[in-house]
Amino acid sequence: MGAEDRAGGGRVIYEVFRQERKGQAFAHAGSLEAPNEAFAEEYAREFYGRRQESEALWVVSRSAVHEIDDFADELERNYHRVDGYSLKAKLKEARERAGTS
Amino acid sequence: MTAREQEFLEYVQSGGQVETADWMPDEYRRLLIKFIEMHGNSELMGVLPEREWILRAPTLQRKLALTAKVQDEAGHSQLIYRVVEDLGKPREQCLEDLISGKSKFHNVFHYPTKTWGDVGIIAWLVDAAAIISQKALLKCSYAPYARIMKKICWEESFHILHGRDVVLTMMLGTDEQRELVQEALNRWWGPLMQFHGNPIPKEEDPMFHWRIKSQGNDEARQQFLDGYVPQIWELGLTVPDPELRKDEETDRWHFGEPDWDELKHVVTGHGPKTQERLELRRLNREETEWVRKIVLAEAA
Amino acid sequence: MPERADALLEIADDELILGWRDSEWTGIAPFLEEDVAFSSIAQNEVGHARALYELAARALETTADELAFDRPPEEYRSAPLVELRRVDWAYTIARHVLYEAADEIRLEALKASPDTDIAGLAAKMDREEAYHRMHAQMWAERLRGEPRFQTALDELWPAAVAVLPAELRPKLAERLQRPLPSNTVLLSLERGNHAAEWPALWEEMTEVRRSVPGGQW
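Protein chains in written order, with the numbering used here: chain A, 5 to 105; chain B, 627 to 926; chain C, -12 to 204.
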């Protein structure tokens, strides 16, 4: 996230995630400043639901959201990737053996 | 420019997106804050001409629609100032700079509203001009801003519908009502033509350089004329510009040169309503200071 | 005027005028998040007024807009509480808290009405009002220690009591743990008496509408 948890002056920042339709994932919608959870919920409801445009919302204090954006892949883990499997040559040989090529 | 800044520039110019925590050149951050802050200021000042008409709305439906429109604008300024704050400039500082005249807001919000005709013309055409710029900002290199533009554009589309409905209803009404619309259009046409800014070529516009804006001023204006002049003419309204016509060969609109001096004069704080509205904001801020103090007193 | 329509107009006028007053804060509320939230409350109030006018309009063979805007000022049945002009947030919230408490009691009675239209509408309104009450409660707690808020509550209390018909007033007094004002005090605040601000409010509210009588807007 990188940005300050507290807005200038002490109000707390809350992040709002919204689900647009049943079955869909919750996606980040925006943030707002409120003195506490009760206010944050009221404001989230109005900002992201007053047009009935959201199925549901998650309201989370920014300090509770931890961002991770570094991932280690030092030693080639090709078994996790599609390109780590080359079946073409083996398949050709197996067909020849079975007489089905 | 350092090598890192050059790399960043090439990155955004080839469509790269920037998030809040990413490294960015100081110049980029400075221009971003300036641009986005002006947008936030404009939404906040835009509510002032319109909110008076909420109280005078002549039907319940109009009252609700207009209240919802102004509510959206307050909401937009919230979204926008949040983006500025995450870039490093607190909301309170933005509001102080707006009120002191240090920062600017768009020309159209410096003018008075006189009749219900203005209500229709503003919601229809001023919002239309704005939405053209806003749609182009969906491609802004700074991703948090591009993302809020989606919500803003979606909500603005309701405003244009409302505006058009108000205008159409009046155009189907009495001669007096039609005259209100025409008279309002006559007054708003000048500011509308100035709205997208003077015709600085894209290549010379620092905002375009860093892909904060992805559309030139002239391009935006042409798009506006293309979309809305036919709609204006088909209602039997006249545009107060004898030179306005489309050149079918070049596919471009010709128009009388907008008054760029007026634009400069207005956005630097000398519009007909600038000082009165800034004073209203200042007074309002003073009167409600105690509420914010209490709200800040015990943060969760 | 049919009794039922008259009762509906009282509540409709209350909601319209309170919504009108509350919408004065749109764009200039103490902070932006609250601006959006409070504007929704104002819109709900006008929305309730509209639904109530529509119900009354059927009985009176007119339209909601005509009831809302085309009556002469002395025919409006709004309670003085909602007409008062108080540009201070403490008064706005105090009025909000008191009105919601009175309205809750009024809606309880309406939900039990033998008239299914009225009972149904009251139930719908009450579901929206639940959020208004939550909002009012939140602010009341926040402003509890603020002297000007307490002063505002004390000052507006008699006018709030006068919103309700006589038989429901003791309930309000009990719920808010406040003594009932004397009849002398309440007399000037009864429906039918308008606040000093009323003529100016009516002027502004009907200005555009009256400019083209019978016009479509």
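Note that beta-carbon positions come from the ideal geometry of N, C-alpha and C, so glycine has one too.
Check: Coarse secondary structure for Ile920(B), derived from DSSP in three states; Outcome: helix
Check: Residue closest to Glu631(B), alpha-carbon to alpha-carbon, out of Pro675(B), Phe834(B), Arg655(B); Outcome: Arg655(B)
Check: Cα-Cα separation, Gly642(B) to Ser840(B); Outcome: 13 Å
Check: The beta strand (DSSP E) enclosing Ala38(A), as first and last residue numbers; Outcome: 31 to 38
Check: Interfacial residues, the region 68 to 89 of chain C to chain B, with Cβ spacing under 7 Å; Outcome: Trp76
Check: Continuous beta strand (DSSP E) stretch holding Ile15(C): start and end; Outcome: Taken as a continuous stretch (DSSP letters only), Ile15(C) belongs to no beta strand (DSSP E), as it is neither H nor E.
Check: Buried versus exposed call for Asp744(B) [16 or more other C-beta atoms within 10 Å across all chains shown]; Outcome: buried
Check: Those residues which DSSP pairs with Leu61(A) across a bridge; Outcome: Arg22(A)
Check: Residue-chain proximity (Glu62(C), chain B), Cβ-Cβ < 8 Å; Outcome: no
Check: Distance, Val69(C) Cα to Gly34(C) Cα; Outcome: 16 Å
Check: Among Phe850(B), Thr800(B), Thr693(B), Pro884(B), nearest to His930(B) - alpha-carbon criterion; Outcome: Residue 930(B) lies beyond the residue range present for chain B, which begins at 627 and ends at 926; the question has no answer from this structure.
Check: For Gly672(B), the nearest candidate out of Leu798(B), Val752(B), Ile920(B), Cys779(B) (CA to CA); Outcome: Val752(B)
Check: Cβ separation of Thr628(B) and Trp679(B), assumed to be a contact under 8 Å, to the nearest whole Å; Outcome: Between Trp679(B) and Thr628(B) the Cβ distance is about 52 Å, and since that is not below 8 Å, they are no contact.
Check: Identity of the residues DSSP links to Arg871(B) by a beta bridge; Outcome: His880(B)
Check: Assigned exposure category for Leu151(C) - 16 Cβ within 10 Å defines buried; Outcome: buried
Check: The region 701 to 711 of chain B touching the region -2 to 6 of chain C, judged by at least three CB pairs closer than 8 Å; Outcome: no
Check: Nonlocal neighbours in the same chain, by C-beta distance under 8 Å from Ile725(B), ignoring five residues either side; Outcome: Leu904, Arg907, Arg908, Arg911
Check: Proximity to Ala214(C) [Cα-Cα], best of Trp185(C), Leu176(C), Arg64(C); Outcome: Residue 214(C) falls outside the range modelled here, since chain C spans only -12 to 204, and no answer is possible.
Check: Length of the line joining the Cα atoms of Asp844(B) and Ala(-1)(C); Outcome: 50 Å
Check: Integer Cβ distance of Glu24(A) from Ser58(A), believed to fall under 8 Å; Outcome: 6 Å
Check: Residue closest to Glu32(C), alpha-carbon to alpha-carbon, out of Asp(-7)(C), Glu87(C), Val199(C); Outcome: Glu87(C)
Check: Coarse secondary structure for Tyr768(B), derived from DSSP in three states; Outcome: strand
Check: Cβ neighbours of Leu670(B) in the same chain (closer than 6 Å, five flanking residues each side left out); Outcome: Ser703
Check: Proximity test, Cβ basis, 8 Å: Gly6(A) and chain B; Outcome: Per-residue confidence for Gly6(A) stands at a pLDDT of 48, beneath the threshold of 50, marking its modelled position as unreliable; no derived number is given.
Check: Cut-off 8 Å between Cβ atoms - residues of its own chain near Arg15(A), not counting five sequence neighbours on either side; Outcome: Glu37, Ala38, Pro39
Check: Rounded straight-line distance, which links the Cα of Trp7(C) to that of Glu902(B); Outcome: 24 Å
Check: Proximity winner among Leu787(B), Cys779(B), Leu713(B), relative to Ala647(B) (alpha-carbon distances); Outcome: Leu713(B)
Check: Given 8 Å, three or more beta-carbon pairs between the region 149 to 169 of chain C and the region 81 to 98 of chain C; Outcome: yes
Check: Ile725(B) in three-state terms, based on DSSP; Outcome: helix
Check: With 16 other Cβ atoms within 10 Å as the buried cut-off, status of Gln803(B); Outcome: buried
Check: Closer than 7 Å at the beta carbon, the chain A residues around Ala127(C); Outcome: Going along chain A, no residue has its Cβ under 7 Å from Ala127(C), so there is no contact; the nearest lies around 12 Å.
Check: Contact with chain C by Asn667(B), beta-carbon distance below 8 Å; Outcome: no
Check: Residue environment, His788(B), which counts as buried when at least 16 other CB atoms sit within 10 Å; Outcome: buried
Check: Burial state of Asp73(A) (16 or more Cβ within 10 Å); Outcome: exposed
Check: Residue environment, Ala29(A), which counts as buried when at least 16 other CB atoms sit within 10 Å; Outcome: exposed
Check: Buried versus exposed, by CB contacts within 10 Å (16 or more), Tyr18(A); Outcome: buried
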